[in-house]
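Just below is one structure, and these are the notes that go with it.
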Amino acid sequence: MTPLLEARGIDKSFGPVKVLHDVTFSAHAGEVTALVGDNGAGKSTLVKCIGGIHPIDNGELLFDGRPVQVNGPRDAGELGIEIVYQDLALCDNLDIVQNMFLGRERRRGLVLDEDTMEELAEQTLNSLSVRTVKSIRQQVSSLSGGQRQTVAIAKAVLWDSKVVILDEPTAALGVAQTAQVLELVRRLADNGLAVVLISHNMNDVFAVSDRIAALYLGRMAAQVRTADVTHAQVVELITSGRSGDLGLKNGAVA
Amino acid sequence: MSKVKELPGEAVATAVRSPSIGHSARAYTERVRAGDMGALPAVLGLVVLCTAFALARPAFLTGINFANLFTQGAAVTVIAMGLVFVLLIGEIDLSAGFTSGVCAAVLAVTLTNMGLPWYVGVLAAIVAGAVIGTVLGAIVAKVGIPSFVVTLAAFLAFQGLVLVLVNEGTNISINDPVIKAVAQRNLPPALGWALYAVSVLAYAGLQVVRARKRAARGLVADPLSLIAARVGALAVLAGAAVYVLNLERSFNPAFASLKGVPIVVPVILALLVLWTFVLRRTAFGRHVYAVGGNAEAARRAGIAVDRIRVSAFVICSSMAAVGGIIAASRASSVDPNTGGSSVLLYAVGAAVIGGTSLFGGKGRVLDAVLGGAVIAVIDNGMALMQYGASVKYLVTGFVLLLAAGVDALARKRAAAAGLR
Chain P
5 MTPLLEARGI
15 DKSFGPVKVL
25 HDVTFSAHAG
35 EVTALVGDNG
45 AGKSTLVKCI
55 GGIHPIDNGE
65 LLFDGRPVQV
75 NGPRDAGELG
85 IEIVYQDLAL
95 CDNLDIVQNM
105 FLGRERRRGL
115 VLDEDTMEEL
125 AEQTLNSLSV
135 RTVKSIRQQV
145 SSLSGGQRQT
155 VAIAKAVLWD
165 SKVVILDEPT
175 AALGVAQTAQ
185 VLELVRRLAD
195 NGLAVVLISH
205 NMNDVFAVSD
215 RIAALYLGRM
225 AAQVRTADVT
235 HAQVVELITS
245 GRSGDLGLKN
255 GAVA
Chain V
2 MSKVKELPGE
12 AVATAVRSPS
22 IGHSARAYTE
32 RVRAGDMGAL
42 PAVLGLVVLC
52 TAFALARPAF
62 LTGINFANLF
72 TQGAAVTVIA
82 MGLVFVLLIG
92 EIDLSAGFTS
102 GVCAAVLAVT
112 LTNMGLPWYV
122 GVLAAIVAGA
132 VIGTVLGAIV
142 AKVGIPSFVV
152 TLAAFLAFQG
162 LVLVLVNEGT
172 NISINDPVIK
182 AVAQRNLPPA
192 LGWALYAVSV
202 LAYAGLQVVR
212 ARKRAARGLV
222 ADPLSLIAAR
232 VGALAVLAGA
242 AVYVLNLERS
252 FNPAFASLKG
262 VPIVVPVILA
272 LLVLWTFVLR
282 RTAFGRHVYA
292 VGGNAEAARR
302 AGIAVDRIRV
312 SAFVICSSMA
322 AVGGIIAASR
332 ASSVDPNTGG
342 SSVLLYAVGA
352 AVIGGTSLFG
362 GKGRVLDAVL
372 GGAVIAVIDN
382 GMALMQYGAS
392 VKYLVTGFVL
402 LLAAGVDALA
412 RKRAAAAGLR
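In C-alpha cells:
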C-alpha cells in the first residue's frame, strides 16, 4: 500500500548545524504513526519541514505517491496536511466556533455566516464524539487543557484534512484528559486519516500507534510496526539509535 | 467539511436548545461571578453618580443640563470609540487627543482660511486622520517600536503641528452653519420621535429574525421573552430620553425655542452601529479580536496581522478626526488647545471604564459610549457642584484607576476561576 505521506532522503541544516540526515518517513491512511526520539533528535524540525514552515535542503516529499512542493503552511493546508502545535495556537478570547474557523471564516457577502459555521463546528465535534464541552459558544479561556487540545484537533480536522500531525498533544495533560485525547487520536485514524503523533511518552505511543518511527541524532533509526517491537527496544532505538538487528547499523528501514 | 465519517454522538446536544429567560439570567450571573463583568461597572457607576448629583444639585436633572451632557461628552466618546480598536489589539494611542486637534485645525483651515464648503473640510479632516493613523500604525507594526513610545512622540509632535496650522496660537473661528449645527443644534421633535421608532423597531426586528433563523436551523436561540425584555428596556430608556429632550428647555421660549434631540446623538448612534457591525459581524472584526487575543495564533491562521494592526490605528485616528470636528463644532473655533489637556485621558478613561481591557482582546464599541457617559456625568456634575478643576481631575483620575482596577481584578478572578 502506498503511504499517504512520504518523505524521502530529507536533509536539513540550520547554518552549520545539520539537523536532519537523509531522513525517510512515511504515514499511512487509517493508521497512527508515532514519531519518537530524544530531545534534539529532529522530530519538530521534520514536522516543520513537512508543514512547510522550514524549506528542505534535499530530498522529496510525496503525497499519495505524487511528488509535491510544500513552500509554506498554505501549501500544506491545501494538500490536507494540518499540524496541531504544542502551544495549540488558540485565541482565549474567542469561542470554540470562532477559533475553529479563524482565518477561514464562512461569510455571506460582507457578513459572517455564524449559523453555518456553528453547524459545521458542531458536526465536526459530533463526528469526533466529543461530549465534554458544555456549549460550542463558550470562550476557549473557560476550557480545560484537554478540552483545548480537543478544540485544536477538531480545528485541524474541519478542513478536509487527510494528514493530522500532533506535536506532544498530551504533554501538559492529566491522566483522565490524556486518555480522552488518546481516544480521540485513535478515532481520527479509525475515521481514515493518517495521524502522526509526536510523543515522549512510551505508554501513549504503545497505547495508540500502529507504527513507530524513531529518530536518533537527526537520522531515522527505524520505522517499525508497533506490534513487532517491545517497549525496551523502542527506548534503545531512541537512546542509542539501534536495538539488536534493528537500527542504524543495518541502515534498513522496515 | 471534513471527510470524517459522521458518528452518532450528541456532543453539544446536551446543551439547552432554547434557554429560558431564567437560564440566561443565571448564565449572566455566572459570567459576572467569574470576573467577566462587561458593562456592569459602568452602568452601576452611572446610576450611582446620577443619583448622587441629582440629590446634591437639582439642576442636574433639568432638561437643559441633560441635553448638555450629550454635547459635552460627544467628542470624547467618539475618540474613545476609535481607541477601542487600538486597545483591542493590545496597543495604545496616546496621540489620539492631539490627532483630533490636528484634524480640527485642518477643518478650520479648509473652511475659514480657504473658504471651501463644509463637506470638503470634513473630508480633509478625516483624510488627515487616516494618514496619521497609517503612519503611526506602520511604525508600530513594521518597524516594531512599542505603540506607547510612537504615540507619545506623536503626542508631542502633534501639539507642534496644531500650532503650525493655527499660525502659532491664533484662534480660527468656524462660521459654517452645517458644521456648527452638529454640536449646537437639535433635531425637530417629530424627527426625534421618528428616529426613535425606526431604531427600536429595527433593533426588535433584527433580534427576532436572527432568533427565528437560528431556531429554524436547530441552533440555540434567544427566547422571545428575553428579546422582549431587551427591546422593552431599550424602548423605555430611549423613549424617556427622547421625551425629556423634546421638552422646551429655553428660559425664554418666546425669544428662542430650544428643544429636540441634539444632532450629535444620532451621529454617535450611527457610529456605534457602524463600528459594532464591523467588530461583531465581519471577518475583519473577528481578526481584530484574534490579534488582541493571541497574535501568534492569528498569524498561523493566515491572518495578515500587520495589516490588522495598521487598520486599527487608521480607524482610531479617523475617529479622532470625527471627534475633532465635533469639538470644533461645539466651540465654533479651533485653537492650539483643541484636543489637548485632558481629552485623550478622558477618552482612554471612557473606553476602560466602559469595560474595554487595557490588555487587549476584550472590549466593545458600546463600552466607549457608556464610559463616555460616565466621564461626561462626572465632568458636568462636578461643575454644577462648583468644585474647581482640582477636584474634577482628582475624581476623574480616581474613577479611571478604579475602572482599570476592576479590569485587572476581573482578570485575576477569571484566572482563579480557571477561565484563563
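In the order they appear, the protein sequences are chains P and V. At position 165 of the first sequence the residue is numbered 169 (the numbering used here), and the sequence of numbers has no breaks. At position 7 of the second sequence the residue is numbered 8 (the numbering used here), and the sequence of numbers has no breaks. The C-beta atom is built at its ideal place from N, Cα and C for all residues, glycine as well. Nothing here was measured: the structure is a model prediction, and the numbers come from that model.
Note that the stretch 179 to 187 of chain V touches the stretch 247 to 264 of chain V; at least 3 beta-carbon pairs, one per stretch, sit closer than 8 Å. Here DSSP, grouped into helix, strand and coil, assigns P:THR37 to strand. Rounded to whole angstroms, the gap between the alpha carbons of V:THR171 and P:GLN143 is 53 Å. Under the three-state reduction of DSSP output, V:LEU162 falls in the helix class. Under the DSSP definition of a beta bridge, P:GLY251 partners with P:ARG246. Taking 8 Å as the upper bound on Cβ-Cβ separation, chain P lies near residues GLY293, GLY294, ASN295, GLU297, ALA298, ALA299, ARG301, ALA302, GLY303, ILE304 of the stretch 293 to 308 of chain V. V:THR111 and V:ALA125 have their C-alpha atoms roughly 8 Å apart. Across the structure, V:GLY161 and V:SER96 are spaced so that their CA atoms are roughly 12 Å apart. For a Cβ distance threshold of 7 Å, residue set THR283 of chain V lies close to P:LEU114, ordered along the chain.
Setting aside the 5 residues that flank it on each side, V:PHE61 is surrounded in the same chain by CYS51, PHE54, ALA55, ASN381, GLY382, LEU385, each with a C-beta closer than 8 Å to its C-beta; the list follows chain order. Boundaries for P:GLY44: no beta strand (DSSP E) harbours it, and the DSSP string shows neither H nor E there. Rounded to the nearest whole angstrom, the C-alpha separation of P:GLN237 and P:GLU172 is 21 Å.
In this structure, the straight-line span from the alpha carbon of P:GLU126 to that of P:ILE140 is close to 7 Å.
In the three-state reduction of the DSSP assignment, P:ASP26 falls in the strand class, which pools E and B.
DSSP, reduced to helix, strand and coil, places V:SER200 within a helical segment of the structure shown. Partner residues in the beta bridge of P:GLN227, as assigned by DSSP, are P:ALA217. The C-beta distance from V:LEU273 to V:LEU367 rounds to 7 Å, short enough to fall under 8 Å.
Per the C-alpha coordinates, the member of V:GLY98, V:GLY340, V:VAL85 positioned closest to V:ILE316 is V:VAL85.
The beta carbon of P:GLN102 falls within 8 Å of a beta carbon belonging to chain V, placing the residue at that interface. The C-beta of V:ALA377 comes no closer than 8 Å to any C-beta of chain P. The criterion of a C-beta distance shorter than 8 Å is not satisfied by P:GLN90 and P:ALA226.
Along the stretch 352 to 368 of chain V, going in chain order, the ones with a CB nearer than 7 Å to a CB of chain P are GLY362, LYS363.
The beta-carbon of V:LYS413 is placed no less than 8 Å from the nearest beta-carbon of chain P. Exposed is the label assigned to V:GLN387, since fewer than 16 other Cβ atoms lie within 10 Å of its Cβ. Legend: CB atoms of the stretch 206 to 220 of chain V lying less than 7 Å from CB atoms of chain P belong to residues LYS214, ARG215, ARG218, LEU220. In the DSSP annotation of this structure, the continuous segment of the alpha helix (DSSP H) that includes V:PRO267 starts and ends at 265 to 282. For V:ALA291, the nearest CB of chain P lies under 8 Å from its own CB, placing it at the interface with that chain. CA-to-CA, the gap between V:TYR29 and V:ALA105 works out to about 42 Å. In the three-state scheme derived from DSSP, where H, G and I count as helix and E and B as strand, V:PRO178 is classed as helix. For V:ARG211, the closest C-alpha among the options V:VAL370, V:ALA222, V:ILE180 is that of V:ALA222.
If you draw a 10 Å sphere on the C-beta of V:ILE228, you find 16 or more other C-beta atoms in it, and that means buried.
For P:PRO77, the uninterrupted alpha helix (DSSP H) segment begins and ends at 77 to 83. For P:GLU109, the neighbours in chain V by C-beta distance under 7 Å run, in chain order, ALA284, ARG287.
The C-alpha of V:PRO42 lies about 11 Å from the C-alpha of V:ALA405.
Taking a contact as a CB-CB distance under 8 Å, the pair P:GLY149 and P:GLN181 counts as one, their CB atoms being some 6 Å apart. According to the DSSP assignment, V:ALA76 belongs to the alpha helix (DSSP H) that extends over 64 to 89.
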